[in-house]
DNA sequence: CAGTGGTCTAGACCACATC
DNA sequence: ATGTGGTCTAGACCACTGG
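Residue numbers (our numbering), protein chains in the order written: chain H, 1 to 243; chain X, 1 to 243.
1. The alpha helix (DSSP H) that contains residue 23(H), what's its start and end?
2. Suppose you measure from the CA of residue 119(X) to the CA of residue 183(X); what does that come to, to the nearest Å?
3. Along the chain, where does the beta strand (DSSP E) that runs through residue 229(H) open and close?
4. List, in order along the chain, the chain H residues whose C-beta lies closer than 8 Å to that of residue 185(X)?
5. Name the two residues that bound the continuous beta strand (DSSP E) containing residue 155(X).
6. Should residue 296(H) go down as buried or exposed, given a rule of 16 or more other Cβ atoms within 10 Å for buried?
7. CB-CB under 8 Å to residue 165(X), same chain, minus the five flanking residues each way: which ones, in chain order?
8. Quick one: list the residues of chain X neighbouring residue 233(H), beta-carbon separation under 9 Å, in chain order.
9. Chain H beta carbons: is any one of them nearer than 8 Å to that of residue 86(X)?
10. Any Cβ of chain H within less than 8 Å of the Cβ of residue 208(X)?
11. What span of residues does the alpha helix (DSSP H) with residue 57(X) cover, start to end?
12. Helix or strand or just coil, what does DSSP make of residue 205(H)?
13. I'd like the list of long-range same chain contacts for residue 187(X), defined as Cβ closer than 7 Å, with 5 residues on each side in sequence excluded.
14. Is it buried or exposed, residue 138(H), if we count other Cβ atoms within 10 angstroms and call 16 or more buried?
15. Figure out for me which residue from 221(X), 210(X), 241(X), 226(X) has the closest Cα to the Cα of residue 237(H).
16. At what residues does the alpha helix (DSSP H) containing residue 118(H) begin and finish?
17. Reducing DSSP to helix, strand and coil, say where residue 174(X) ends up.
18. Just the C-alpha distance for residue 89(X) and residue 17(H), rounded to the nearest angstrom, thanks.
19. Compare the C-alpha of residue 106(X) against each of 217(X), 144(X), 124(X) and name the closest.
20. Using the Cβ count rule (16 or more neighbours within 10 Å means buried), how would you classify residue 97(H)?
21. Indicate whether the contact test is met: 3 or more Cβ pairs, each with one atom in the region 17-32 of chain H and one in the region 63-79 of chain H, closer than 8 Å.
22. Who are residue 218(X)'s beta bridge partners in DSSP?
23. Which residue wins for smallest C-alpha separation from residue 15(H), given the options 37(H), 31(H), 33(H), 92(H)?
24. Do the CB positions of residue 72(X) and residue 12(X) come within less than 8 Å of each other?
25. Beta-carbon within less than 6 Å of residue 301(X)'s beta-carbon, same chain only, minus the 5 sequence neighbours each way: which residues are those?
26. Quick one: residues in its chain with C-beta nearer than 6 Å to the C-beta of residue 157(H), no 5 flanking neighbours on either side, listed in chain order?
27. Rounded C-beta distance between residue 162(H) and residue 104(H)? I'm assuming under 8 Å.
28. Name, in chain order, the residues that DSSP records as bridge partners for residue 91(X).
29. Can you find the residues in the same chain that come closer than 7 Å, C-beta to C-beta, to residue 191(X), ignoring five residues on each side of it along the sequence?
30. Under the rule that 16 or more other beta-carbon atoms within 10 Å means buried, what is residue 122(X), buried or exposed?
31. Let me know if residue 93(X) comes out buried or exposed under the rule of 16 or more other beta-carbons within 10 Å of its beta-carbon.
32. Can you list, in chain order, the residues of its chain whose CB lies under 7 Å from that of residue 117(X), leaving out five sequence neighbours each side?
33. Measure the Cβ-Cβ separation of residue 24(X) and residue 220(X) and say whether it is below 8 Å.
34. For residue 274(H), count neighbouring C-beta atoms within 10 Å of its own C-beta (all shown protein chains included) and say buried if the count is 16 or more, exposed if not.
Shown next as structure tokens:
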């Protein structure tokens, strides 16, 4: 019956693209169930096996979560403990699991620097929101993050609003601004603490800090966050798995 | 016809385990083709689709590489430019692609320290091989690696033999000792350079260095290398992708 | 040409969740 | 009982490789 499309791409990849477009368009909200495989097969005029392969690929990218017997759901940052740690790579040296608290120091509007514009695919001078926060483990300041966001996407973001939100930064972005952080590219270096960072992180000026530059992407690999973190790694470290 | 096994595991996972066991046992050497899907299906008494799913999963773990029209091949560190950069995360800040040279400073036998034993799942005092080398980009020393290997697995490893090998460290381990590095866990910190490291990396004592601790695993997640790297990140950085 | 992996289908049955 | 995803099969056809 199917195979009406004379396209060069496999059917299941075409289906994958269509479903991802619907996800990007917000056809189904975060945490909601997407239509069953049978329904999607009917909608696109392909077999259920083809839909299955498409959704398998989407699930492999963590855009969607399968739950046997229940359905397939749009992934979200507001639940799923497992997902939380996907973007948080700082751990205690002693191995104890601990989820840090986020203390917001400042939120203000500004204009994109040349560097910020480059990372966020904006023009220099475009409106941005600058957010500074500290991650604390057991009340000990460990990471100082300077976060730059495109002003156009985060219009009403204020310190009060961010303080009021219970959950992760990315949960806030998703729940209140409809911006879904899907993947990120990071660059790490070791740098010496300057006066301001040293004061906030309670280390000495010149002490080594882990410098983490992150650009976070949403659908279609569009950059929507640029973040520079400085991490005091005396009792903490950054974890990574090479597969 | 199949379904003879009253097991709790899906058939394709059983097949996956069997094929992985054959890989671990070296039934097919690095770079060699494994049997075709049809042959494996026949061998295990399952359908080709089930074998396909099993091999898909193995390919997703980079143990094996599919090549349409040719076959499925045991992955190797000695070819595939793409694979080389999987374990090498250091890049130039200016974005230029460059593959570094490895200069071996020293290879000697020793006894496992408590720390080495813990990382390599040995007993303290067990024989190990200690290898120290420098990675150089354009003749500039950038990374100082102290590598600890289980003596039992790398019996004849000497400086002369390592110097003679053309290719990556993991290519050497695979080609000459039959030890395949499959994945790794890393922990990163920022530290201050001590006298010895500073001299080799040509930085000042106290300068910040990126500290990279890596345990590399082979089949069955068995640890077979512990490596501590110190990286001067003035003109270089460590890259990571969060998916 | 034959052999390989890659796609697609249709249908059966299983495992799990919910009502 | 029904609906969901999960497994498995059998067979057809496509796309690529190499003799």
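Positions of the beta carbon are idealized from the N, C-alpha and C atoms, including for glycine. Every value quoted in this text rests on a predicted model; they were computed, and no experiment measured them.
Concretely, from the data shown:
1. 11-24
2. 14 Å
3. 222-231
4. 239, 240, 241, 242
5. Premise fails: residue 155(X) is in no beta strand (DSSP E) and is neither H nor E.
6. It is not possible to answer for residue 296(H), since the shown part of chain H is limited to 1 through 243.
7. 171, 172, 175, 176
8. 188, 189, 190, 191, 211
9. yes
10. yes
11. 48-60
12. coil
13. 213
14. exposed
15. 210(X)
16. 114-120
17. helix
18. 31 Å
19. 144(X)
20. exposed
21. yes
22. 222(X)
23. 37(H)
24. no
25. What the structure shows of chain X is the stretch from 1 to 243, and residue 301(X) is not part of that stretch, so it cannot be assessed.
26. 129
27. 5 Å
28. 237(X)
29. 209, 211
30. buried
31. exposed
32. 123, 124, 126
33. yes
34. For chain H, the structure presents residues 1 to 243; residue 274(H) sits outside this window and is missing.
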